[in-house]
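The listed protein sequences correspond, in order, to chains P and B. Residues in the first sequence are numbered from 29 upward in steps of one, following this note's numbering. Residues in the second sequence are numbered from 3 upward in steps of one, following this note's numbering. Glycine included, C-beta positions come from ideal geometry on N, C-alpha and C. Reading through the C-alpha cells given below for one structure.
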Amino acid sequence: MAENHKIVGRSTTRQFLLLGLMVLAVLTISLFIGRYPEPYWMPPSYLWRDELAQRLVLNLRLPRILTAFIMGMSLGASGAVLQMIFRNPLVSPGFLGVSQGAAFGAAVSIIYLGRSPLMIEASATLFAFSGLIISYLLARNIRYGKWVLRLILAGIATSALFSSGVGVLKYLADPLSELPDIVFWLLGGLWSVTWRDLLYILPVVLVALGVLFLMRWRINLLALRDETAFSLGVAPSRERVLVLVAAVAATAVVVAVAGVVGWVGLIVPHIARLVVGPDTRRALPASMLIGGIFALICDNLARTLLAGEIPLGILTSLAGALLFVWVFLSGHRWVRG
Amino acid sequence: MNRPEIISLARLRFSYTTSGPPVLKDLSLKIPAGAVTAILGPNGSGKTTLLFILLGMLSPQSGEVIIDGKDQKGLPRSMLSRLMGLVPEEEHIPFDFSILEYVLLGRAPHLGLLEQPKEMDYQVAHEALDRSGLSALADRPIPSLSGGERQLAKVARALAQKPRVLLFDEPTAHLDLNNKGRVLDMIRSMADDGVAVVLTTHDPNAAAVVADHVVLLRAGQTVATGPADVVLSSENLTQTYGLPVEVTSVRGRPVVLPW
Numbered sequence: 029m030a031e032n033h034k035i036v037g038r039s040t041t042r043q044f045l046l047l048g049l050m051v052l053a054v055l056t057i058s059l060f061i062g063r064y065p066e067p068y069w070m071p072p073s074y075l076w077r078d079e080l081a082q083r084l085v086l087n088l089r090l091p092r093i094l095t096a097f098i099m100g101m102s103l104g105a106s107g108a109v110l111q112m113i114f115r116n117p118l119v120s121p122g123f124l125g126v127s128q129g130a131a132f133g134a135a136v137s138i139i140y141l142g143r144s145p146l147m148i149e150a151s152a153t154l155f156a157f158s159g160l161i162i163s164y165l166l167a168r169n170i171r172y173g174k175w176v177l178r179l180i181l182a183g184i185a186t187s188a189l190f191s192s193g194v195g196v197l198k199y200l201a202d203p204l205s206e207l208p209d210i211v212f213w214l215l216g217g218l219w220s221v222t223w224r225d226l227l228y229i230l231p232v233v234l235v236a237l238g239v240l241f242l243m244r245w246r247i248n249l250l251a252l253r254d255e256t257a258f259s260l261g262v263a264p265s266r267e268r269v270l271v272l273v274a275a276v277a278a279t280a281v282v283v284a285v286a287g288v289v290g291w292v293g294l295i296v297p298h299i300a301r302l303v304v305g306p307d308t309r310r311a312l313p314a315s316m317l318i319g320g321i322f323a324l325i326c327d328n329l330a331r332t333l334l335a336g337e338i339p340l341g342i343l344t345s346l347a348g349a350l351l352f353v354w355v356f357l358s359g360h361r362w363v364r365g
Numbered sequence: 003m004n005r006p007e008i009i010s011l012a013r014l015r016f017s018y019t020t021s022g023p024p025v026l027k028d029l030s031l032k033i034p035a036g037a038v039t040a041i042l043g044p045n046g047s048g049k050t051t052l053l054f055i056l057l058g059m060l061s062p063q064s065g066e067v068i069i070d071g072k073d074q075k076g077l078p079r080s081m082l083s084r085l086m087g088l089v090p091e092e093e094h095i096p097f098d099f100s101i102l103e104y105v106l107l108g109r110a111p112h113l114g115l116l117e118q119p120k121e122m123d124y125q126v127a128h129e130a131l132d133r134s135g136l137s138a139l140a141d142r143p144i145p146s147l148s149g150g151e152r153q154l155a156k157v158a159r160a161l162a163q164k165p166r167v168l169l170f171d172e173p174t175a176h177l178d179l180n181n182k183g184r185v186l187d188m189i190r191s192m193a194d195d196g197v198a199v200v201l202t203t204h205d206p207n208a209a210a211v212v213a214d215h216v217v218l219l220r221a222g223q224t225v226a227t228g229p230a231d232v233v234l235s236s237e238n239l240t241q242t243y244g245l246p247v248e249v250t251s252v253r254g255r256p257v258v259l260p261w
C-alpha cells in the first residue's frame, strides 16, 4: 500500500540526483569551453598559469554561464506552471504579450532612448510588464468564453499589437546603425552579459521562482476546473493571478536581458514531465534544472561554434523544435522511473 | 424520517444575470444528515445551479443557506472545504497524472498554502483508493482509465477530503449498468457512514435505487420534497417531467416508466 509511493519516491530521488550531477558537470565544463586560447576548449591548467584566462573566466564566462543557466531555469519554470494553470501544453512563457512587449521596449530604446545596455534592459522590462498588464486588463473585459480562453485571446491581441509596433520601429530605424541592433536583439543572445546584468535579474528571479517552488504542490490544484478547485478550498482566480504574475515577472526580466529566446519555455516542461511525471511537485524543479542545462548548452554553442557569435534565439529554436518533434513522434506518454 | 438536517435553504432566489429570469425561485428545503438526498428534475430545472449554491460557489440574490447551524456566508473557505466535497459531472485532468496523485489533491483542504502532502495524507489517499476498488490502479495515468474508473477516481478524490457533506453532479450519467451499480453502492455506503450525500440526477430510477430523500425540481421550484417512497409517485413525476409517468414496483423496488 504505502510501498507504492516509496518506490516512486526512491526513483524520483535518483532522477534528481542525476539531474543535479548533470547541472554541475555542464556548469563546470562550460567554464572551459570557448575560443580562448584556441577554439572550443581551454585546458583547465590555464586557470592557474594564465592571467588572461583567469580574467576571461571570472569576468566574461562565469557571469554569462550563470545568466544562461538562470535564464533557462526561469523560462522552463514559467512554461511549466503556465502550461499547468492554463491546462494547455502549447502555452509558452512569453505569450501574454511579454516577449513582444520586451522587443518593442528594446526597439524604442535603441531608436529613441539610447543604446546603452542598461537603458535597453529598463525599457524592455517596462514594456514586458506593460504587455502583461494590457493582456490582463483586456482579458478581464472580454465578454466571451472562460478565463483561459479570454487570457489567451488577450495575449494574442497584445502580442500582435506590440509586434506591429516593432515592425513600425524597424521601418523607421536607421538601416545602417539602428536596424541591425534591433534585429540582433530580436534574435536573442547573451554576448553582452556582465555581472551587472546577473545582479539585475537575480532578485526578481529569486523571488518569483521561490514563490512558485514553495507553491509547487498547490499549482496542481489550479489545473482543475474552477468548481472542483473551489470545493478543495482554493480561490482559483486569486491564486492563478499570483502564480501568473510570478511566472511572467521572471520571464520579463530574463527576456529584457537576453532578448527573445524562443522555445525553451515551451519544450523544457514537456521533457521534464516525460522524465519525472506531470505532478508539479517534481515537474517544476525538473523544468528548472533541465531548462538551465538546455539554455546553457545552447549558449555554449552560440559563443563557441563560429568565430562570430550565433544569436542564441536561433539555436534554442532549432534545438527546441527538433526536440519537440522528437518528443511527439516518439509517442511515449508515460515515461517514469 | 426524522434525521436532523445538516443544510437548510430558505427562500432562495438566484439568477445568472440581473435582468434575466431567475433560475431558482423562492426555494426552501432541508437536507438531512447521514442520508442520500436526490435532487431530481428535467434538464434545465436548476439542479446544478442549486448544487453550486450549496457549494458556495454561486451566491443567491436573496435567501439564506445554513450549513451545520451556521450561515454559509460567514464560513471561511478553508472551513467550508473541510466540511463539503464535490464530485463534478465532468473533470478535465490535464496531463498524465497518476490516480494516486489525483486522489492526493483531495487532501488540499487539510494542508496549508505552502504545504506538501505528508505520510498521513498518502495513507488517507490509499484508504480512499481501497474503498473505491482502485488500489491496483494507483499508479496508472488518469487518461488511460475507462469512464467508470474515472468516475470512481473522482469519488476517491472527494473521499480523501473526508467531508461531512458530499455533493455529486449527475453521478451516474454516461455509466454502464455495472459501473452505475458500483457508484451507487459507494454513495450508499458513504451515507451509512454518516456522510450527507446530495446528488443531482435527471434519472428517476437512479434516485429510486439510492435516495432516502428526494427533492423534485421543476423550473427552479420544488414540486415535492420528502422521503423517497412517498415523493416518487406517478402524480409527482408526471408533474415534474410534464409527461405521463408511471411508477410500478419490481421485487419491492420502485421502477419509473415514462408512458
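May I have the straight-line CA-CA distance separating R133(B) from A158(B), to the nearest angstrom? 8 Å
Check Y367(P) in the structure and name its three-state DSSP category. Examination of residue 367(P) is not possible in this model, given that chain P is present from 29 through 365 alone.
Mind checking H94(B): buried by the 16 CB within 10 Å criterion, or exposed? exposed
CB contact check: E337(P) to chain B, cutoff 8 Å: no
My assumption, with CB atoms under 8 Å, is that P91(P) sits in contact with L103(P). Please give the rounded CB distance. That pair is no contact at about 18 Å.
One question on the structure: do I210(P) and I138(P) come within less than 8 Å of each other, judged by their Cβ atoms? yes
How is M29(P) classed by DSSP in three states: helix, strand or coil? Annotation note: pLDDT 38 at M29(P) (below 50); position unreliable, coordinate value reported separately. Coil.
For S315(P) and chain B, any beta-carbon pair shorter than 8 Å? Taking Cβ atoms only, chain B never reaches closer than 8 Å to S315(P), which makes this a no.
Bridge partners - K72(B), DSSP secondary structure assignment: I69(B)
Alpha helix (DSSP H) runs contained entirely in the segment 86 to 164 of chain B, provided each spans 4 or more residues: 101 to 106, 121 to 134 and 149 to 162
Cβ-Cβ distance between S64(B) and A221(B) below 8 Å: no
Would a C-beta distance cut-off of 8 Å place N207(B) and V247(B) closer than the cut-off? Taking C-beta atoms as the reference points, N207(B) and V247(B) fail to come closer than 8 Å.
Could you tell me whether the segment 199 to 218 of chain P touches the segment 262 to 270 of chain P, using the rule of 3 or more Cβ pairs below 8 Å? no
Checking contacts by CB at 8 Å: is G228(B) closer than that to chain P? By this cut-off, G228(B) is not an interface position.
Just confirm the distance between the C-beta atoms of G336(P) and I295(P), as a whole number of angstroms; I'd bet it's less than 8 Å. That belief does not hold up - the Cβ atoms of G336(P) and I295(P) are roughly 26 Å apart, past 8 Å.
Closer than 8 Å, CB to CB, is D195(B) near chain P or not? no
Examine chain B for any beta-carbon lying closer than 8 Å to the beta-carbon of N248(P), and answer yes or no. It does; some Cβ of chain B falls within 8 Å.
Between the CA atoms of A155(B) and T222(P) - distance to the nearest angstrom: 52 Å
Are three or more beta carbon pairs between the segment 183 to 195 of chain P and the segment 149 to 166 of chain P nearer than 8 Å? yes
With burial defined as no fewer than 16 other Cβ atoms inside 10 Å of the residue's Cβ, what is the status of G290(P): buried or exposed? buried
Sequence-distant residues of the same chain with beta carbon closer than 6 Å to A140(B), five excluded per side: I101, L102 and L131
Closest Cβ-Cβ distance between A251(P) and chain B: below 8 Å? yes
By Cβ distance, which residues of its chain are closer than 8 Å to P44(B), with the 5 residues on each side in sequence left out? H204, R220, T242, Y243 and G244
For L116(B) and M86(B), which I take to be in contact (beta-carbon distance under 8 Å), what is that distance rounded to the nearest angstrom? Wrong, their Cβ atoms sit about 24 Å apart, outside the cutoff.
Less than 8 Å separating the beta-carbons of V105(B) and A127(B)? Taking 8 Å as the Cβ cut-off, V105(B) and A127(B) qualify as a contacting pair.
Kindly indicate the opening and closing residues of the alpha helix (DSSP H) around R92(P). L90 to I113
Measuring only between beta-carbons, confirm whether T256(P) sits less than 8 Å from chain B. yes
Whose CA, out of A193(B), N238(B) and V225(B), lies closest to the CA of E38(B)? The residue asked about is misnamed: residue 38(B) is Val in this sequence, not Glu. Of A193(B), N238(B) and V225(B), the residue nearest in Cα terms is A193(B).
Which chain P residues sit within Cβ distance under 8 Å of Q262(B)? It is not possible to answer for residue 262(B), since the shown part of chain B is limited to 3 through 261.
Name, going along the chain, the residues of the segment 223 to 249 of chain P whose beta-carbon falls closer than 7 Å to a beta-carbon of chain B. L242, M243, W245, R246, N248 and L249
Across which residues does DSSP place T202(B) in a beta bridge pair? Partner residues in the beta bridge of T202(B), as assigned by DSSP, are I41(B) and D171(B).
Taking only three categories from DSSP, how would you classify V233(P)? DSSP places V233(P) in helix when its eight states are reduced to three.
Taking the alpha-carbon of M112(P) as reference, which of R301(P), F356(P) and L357(P) has the nearest alpha-carbon? R301(P)
Examine chain B for any beta-carbon lying closer than 8 Å to the beta-carbon of G290(P), and answer yes or no. no
Through-space distance from D171(B) to L47(P), alpha-carbon basis: 43 Å
Given this structure, state the Cα-to-Cα distance separating W354(P) from A96(P), to the nearest angstrom. 24 Å
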